[in-house]
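Engineer: Would you mind keeping the following structure in view while I ask a few things?
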Amino acid sequence: KQEVTQIPAALSVPEGENLVLNCSFTDSAIYNLQWFRQDPGKGLTSLLLIQSSQREQTSGRLNASLDKSSGRSTLYIAASQPGDSATYLCAAPLSGEYGNKLVFGAGTILRVKS
Amino acid sequence: GAVVSQHPSRVICKSGTSVKIECRSLDFQATTMFWYRQFPKQSLMLMATSNEGSKATYEQGVEKDKFLINHASLTLSTLTVTSAHPEDSSFYICSAGETGDTEAFFGQGTRLTVV
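In order, the protein sequences belong to chains A and B.
FYI, my numbering numbers position 26 of the first sequence as 49, with every residue one higher than the one before it.
FYI, my numbering numbers position 27 of the second sequence as 30, with every residue one higher than the one before it.
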């Protein structure tokens, strides 16, 4: 059964810092892994999707890596800005599922102070 | 990326009434859509899978008679919370993906408050 864990639960950093959010999953037989951003009271914004054949994906200041063998993924945010403040969610497919049926971690609440 | 629209974004209803939430894929067809629920300060939990033209499949612990799902077309799924109670107050959000694609796109979510 797929379980997703995120560390840390919350993070507060000064503007400009580089930071790493961690995600671990128990069933490594995944087709992909997705990182999302959720602003308070809002829906989800997809940030990065890493296919199982990839080791990392980049979008602007965001870089996500995937290590299936160890069941880990990291989201790296470079030069953080106050606008990056949000909850970041990691999600992996349910065990045996192809992709869209997701198990979410509890999230990391990020606060970037100006 | 694909666009998923959810309506309404916020609804307040009285105990005992029913509330319908719509989820639409705007620029693609989705044979499958998913409904999630998020309680305050918790993460999203999958409730059910909505299948176009057939019955929805529900996750363990989700009452199918309380959460009615209809997926009548390739672009629309609806979730009806029947006989709502205050404990049903939550954030409901749907997702869909293009057939053959593995990326999930989410609607804006619906904040349901039952008073």
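Ideal placement from N, C-alpha and C gives every residue a C-beta, glycine not left out.
This one's a predicted model, so the numbers in the text were calculated from it and none came from an experiment.
Tell me, please, whether the stretch 28-42 of chain A touches the stretch 66-74 of chain A by the rule of three or more beta-carbon pairs shorter than 8 Å.
Structural biologist: no
Engineer: Measuring only between beta-carbons, confirm whether Ala107(B) sits less than 8 Å from chain A.
Structural biologist: Position 104 of the second sequence holds residue 107(B). It does: the Cβ of Ala107(B) has a partner Cβ on chain A nearer than 8 Å.
Engineer: Just list the beta strand (DSSP E) runs in the stretch 28-106 of chain B, keeping only unbroken ones of 3 residues or longer that don't cross its boundaries, in chain order.
Structural biologist: 35-41, 47-54, 70-76, 79-84 and 93-99
Engineer: Can you give me the Cβ contacts of Gly94(A) inside the same chain, cut-off strictly under 6 Å, excluding the 5 residues immediately before and after it?
Structural biologist: Indexing the first sequence from 1 puts residue 94(A) at position 71. Cβ within range, chain order: Ser47, Phe48 and Ser51.
Engineer: Check the Cβ-Cβ distances between Phe31(B) and every residue of chain A, and say whether any is below 8 Å.
Structural biologist: One-based indexing of the second sequence puts residue 31(B) at position 28. Phe31(B) does not count as touching chain A.
Engineer: Under a Cβ-count criterion, where at least 16 other Cβ atoms within 10 Å of its own Cβ denotes burial, should Ile53(A) be classed as buried or exposed?
Structural biologist: If you number the first sequence from 1, residue 53(A) lands on position 30. Per the 10 Å Cβ criterion, buried.
Engineer: How long is the line joining the alpha carbons of Lys17(B) and Val84(B), rounded to whole angstroms?
Structural biologist: Translated into the one-based positions of the second sequence, residue 17(B) becomes position 14. Translated into the one-based positions of the second sequence, residue 84(B) becomes position 81. Each residue's Cα considered, the two are about 12 Å apart.
Engineer: Among the candidates Thr110(A), Ala101(A), Leu117(A) and Lys136(A), whose CA atom is the shortest distance from the CA of Trp58(A)?
Structural biologist: Taking the first residue of the first sequence as position 1, residue 58(A) is located at position 35. Here the closest residue by C-alpha is Thr110(A).
Engineer: Quick check on DSSP: helix, strand or coil for Pro11(B)?
Structural biologist: Numbered from its first residue, the second sequence carries residue 11(B) at position 8. Three-state result, Pro11(B): coil.
Engineer: So the beta strand (DSSP E) Arg95(A) belongs to, where does it begin and stop?
Structural biologist: Within the first sequence, residue 95(A) is the residue found at index 72, counting from 1. Taken as a continuous stretch (DSSP letters only), the beta strand (DSSP E) holding Arg95(A) covers Arg95 to Ile100.
Engineer: Please compile the residues from chain A whose C-beta is within a distance smaller than 7 Å of the C-beta of Ser98(B).
Structural biologist: In the second sequence, residue 98(B) corresponds to position 95, counting from 1. Here the neighbours are Asn123.
Engineer: Kindly list the residues whose CB is nearer than 8 Å to the CB of Arg78(A), restricted to its own chain and excluding five residues on each side of it in sequence; keep chain order.
Structural biologist: Reading the first sequence from its first residue, position 55 is the one you call residue 78(A). For Arg78(A), where only same-chain residues beyond five positions count, the Cβ hits under 8 Å are Ser88, Leu89 and Asp90.
Engineer: Using alpha carbons as the reference points, say which of Pro89(B), Met50(B) and Leu77(B) lies closest to Trp38(B).
Structural biologist: Along the second sequence, read from residue 1 onward, the residue named residue 38(B) stands at position 35. Closest option to Trp38(B), Cα to Cα, is Met50(B).
Engineer: So, does the CB of Gly94(A) fall closer than 8 Å to a CB anywhere in chain B?
Structural biologist: Within the first sequence, numbered from 1, the residue matching residue 94(A) stands at position 71. By this cut-off, Gly94(A) is not an interface position.
Engineer: Are the CB atoms of Asn123(A) and Gly112(B) nearer to each other than 8 Å?
Structural biologist: Position 100 of the first sequence, counted from the start, is the residue given in the question as residue 123(A). Position 109 of the second sequence, counted from the start, is the residue given in the question as residue 112(B). Cβ atoms of Asn123(A) and Gly112(B): not closer than 8 Å.
Engineer: Pull up the distance between the alpha-carbon of Asn73(B) and that of Glu25(B), whole angstroms please.
Structural biologist: Mapped onto the second sequence, residue 73(B) falls at position 70. Mapped onto the second sequence, residue 25(B) falls at position 22. Asn73(B) and Glu25(B): Cα-Cα distance of roughly 10 Å.
Engineer: Identify which residue in Val7(B), Thr52(B) and Ser21(B) has its Cα closest to the Cα of Gly66(A).
Structural biologist: The count along the first sequence starts at 1 and reaches residue 66(A) at position 43. For the residues Val7(B), Thr52(B) and Ser21(B), the minimum Cα distance to Gly66(A) belongs to Val7(B).
Engineer: Between which two residues does the beta strand (DSSP E) containing Glu26(A) stretch?
Structural biologist: Position 3 of the first sequence, counting from 1, holds the residue named residue 26(A). From DSSP, Glu26(A) is part of no beta strand (DSSP E); its letter is neither H nor E.
Engineer: Let me confirm a value: Leu44(A) is counted as buried when at least 16 other C-beta atoms fall within 10 Å, else exposed. Which label applies?
Structural biologist: The count along the first sequence starts at 1 and reaches residue 44(A) at position 21. Counting Cβ neighbours within 10 Å, Leu44(A) comes out buried, since at least 16 surround it.
Engineer: By the 10 Å Cβ neighbour count, where 16 or more other Cβ atoms means buried, how is Leu29(B) classified, buried or exposed?
Structural biologist: Numbered from its first residue, the second sequence carries residue 29(B) at position 26. The residue in question, Leu29(B), is exposed, as its Cβ has fewer than 16 Cβ neighbours within 10 Å.
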